[in-house]
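Notes to accompany the following structure.
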Amino acid sequence: MTTRSTSQEHRRKQIVVLGSLNIDLVQRVPRIPVAGETLIGGDLATYAGGKGANQACAAALLGGQVKMAGMVGHDVFSGRLLAELQNAGVTTDLVAKAAASTGSAVIFVLPNGENSIVISPGANAEVTVPIALQAVERLEAGDFLLCQLETPMQSVTAAMKAAHRKGVTTLLDPAPAHGLPEELLQATSILTPNQTEAGFLTCSPGAIETMAQAADAARQLQGRGAPVVIIKMGAGGCLIVDGVQMTEASGFPVQAVDTTGAGDTFNGALAVALAEGLDLIDASRFANAAAALSVTKPGAIASMPSRSQVEQFLEAAGSRV
Ligand code: RIB
């Protein structure tokens with residue numbers, strides 16, 4: 002990827018991720034069990050995860066200057082999560098401890114790599130408005146704030162509004178799907194739903210299968226405030242809607258092992274590429290490549306690629322990013 006920042010720019014753009022930190026309890030299953038059924042799955046695996054921590058690690062592993070803001074509990078999981086973030090190069094001084102359990106997620110992974118997730122918010126639910134505002138205090142115009150919806154809506158909204166007022170580029174991953182206040186959408190520079198979330202937000206659940214349907218959904222969401230909407234289409238890549246311009250960025254064919262955290266990898270990578278001066282389309286291609294690599298290994302943070310892996314992958318794919 003070509004960096005377009007100039008040598009006169011002394012301060013690197015900062016990326017703050019305000020969001021969840023979870024311990025992921027993952028089981029591979031032949032299919033999702035129905036009510037009343039007991040299934041035999043694979044061995045239980047535990048990974049560091051949470052949409053916020055995932056996005057922070059993805060961005061740091063790809064070379065971003067990243068700070069994580071959020072809450073963990075007073076239990077054995079908090080140390081592991083902080084260590085994994087720090088190993089990835091994320092600054093964690095904005096992660097506080099709550100008198101609650103660390104957030105967790107129970108994840109079923111199907112043979113084709115798709116997953117079903119149930120989260121238990123724990124300490125993530127304790128991210129208050131003052132904590133959220135502290136996270137954006139040091140950001141300046143041109144920096145980046147990444148949020149998702151596993152921390153309380155009022156805290157996410159307060160941080161996004163404060164950051165937006167400063168000229169920070171704000172990315173909102175509306176996951177898990179939840180109704181969005183208009184003031185939050187209006188403080189969002191780039192909204193990045195996946196197909197399920199885009200369907201939920203436009204009252205057409207299950208209906209975003211094609212790029213044409215994604216385009217309709219993106220236009221509706223743009224009408225509510227976010228100037229840029231990127232709909233993540235899984236293996237199909239993404240649709241980028243920026244003002245009146247609409248562009249499809251194809252996915253990269255890979256053998257999926259576990260798709261957990263692929264959307265988070267996309268967001269972290271997108272922020273890094275934009276922070277380095279790429280335009281939205283090239284940044285989305287870079288993010289598609291990082292997300293594709295992440296599904297080839299198990300786990301969320303555990304599967305995220307390094308910068309050189311993404312660059313080699315893009316080169317092998319003959320992509321011009
Ligand atoms: O997006 C994947 C993440 O969702 C998992 O790591 C899990 O913790 C849940 O937050």
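All letters in the sequence shown, in the order written, are residues 2 to 322 by the numbering used here.
Virtual Cβ for every residue (Gly too), placed ideally from N, Cα, C.
Here the structure is a predicted model, which is why all the values come from computation and not from measurement.
Taking the alpha helix (DSSP H) that residue i falls in, what are its first and last residues?
i	result
Val273	263-276
Phe287	281-295
Val322	First-last for Val322: undefined, no H or E at that position.
Cys58	52-62
Arg81	77-89
Met305	Where Met305 is concerned, there is no enclosing alpha helix (DSSP H), given that its DSSP letter is neither H nor E.
Gly200	196-202
Between residue i and the rest of its own chain, which residues show a CB-CB distance below 7 Å, the 5 nearest in sequence each way excluded?
i	result
Gln223	Val230, Val242
Ala97	Met72, Ile132
Cys239	Ile231, Ile232, Lys233, Ala250, Ser285, Asn289
Ala208	Gly200, Gln214
Pro175	Leu150, Leu181, Leu192, Pro194, Glu198, Leu202
Arg12	none
Helix, strand or coil for residue i, going by three-state DSSP, please let me know.
i	result
Ala106	strand
Gln15	strand
Asp217	helix
Asn113	coil
Gln149	coil
Gln310	helix
Gln66	strand
Ser6	Any reading at Ser6 is ruled out, since the residue's pLDDT is 48, under 50, leaving its predicted position unreliable.
Leu140	coil
Thr158	helix
Pro34	coil
Leu134	helix
Gly224	helix
His324	Since the displayed the chain opens at 2 and closes at 322, residue 324 lies outside it and no answer follows.
Leu315	helix
Ala208	coil
Ala345	One cannot answer for residue 345 here, as it falls past the ends of the chain, which runs 2 to 322.
Ala126	helix
Leu40	coil
Leu181	coil
Below 8 Å CB to CB, which residues in the same chain sit around residue i once its five sequence neighbours on both sides are set aside?
i	result
Pro153	Ala126, Val128, Thr129
Val137	Val17, Leu19, Leu146, Ala160, Ala163, Ala164, Lys167, Val169
Val30	Leu40, Gly42, Gly43, Phe109, Val110, Leu111
What does DSSP give as the partner residue(s) for residue i in the beta ladder?
i	result
Gly71	Val96
Glu249	Leu240
Ser121	Ser105
Thr47	Leu26
Ile191	Leu172, Val229
For residue i, report the span of its beta strand (DSSP E) as first-last.
i	result
Leu172	170-173
Lys233	229-233
Spatial neighbours of residue i within its chain, please: C-beta separation below 6 Å, excluding the five flanking residues on both sides.
i	result
Val322	Met2, Asp283, Arg286, Phe287, Leu315
Ile118	Ala106, Ile108
Leu173	Cys148, Thr189, Leu192
Arg308	Leu63, Gly64
Ala46	Val27
Pro206	Gly200
Leu275	Ala284
Gly264	Asn195, Lys233
Met69	Val18, Ala57, Leu86, Val91, Thr93, Val96
Glu115	Thr260
Please check if any C-beta of chain D sits within less than 8 Å of the C-beta of residue i.
i	result
Thr129	Among the chains of the structure shown, chain D does not appear; only one protein chain is present.
Less than 7 Å between the CB of residue i and some heavy atom of the ligand MN, yes or no?
i	result
Ala106	What this structure holds is the ligand RIB, not the ligand MN.
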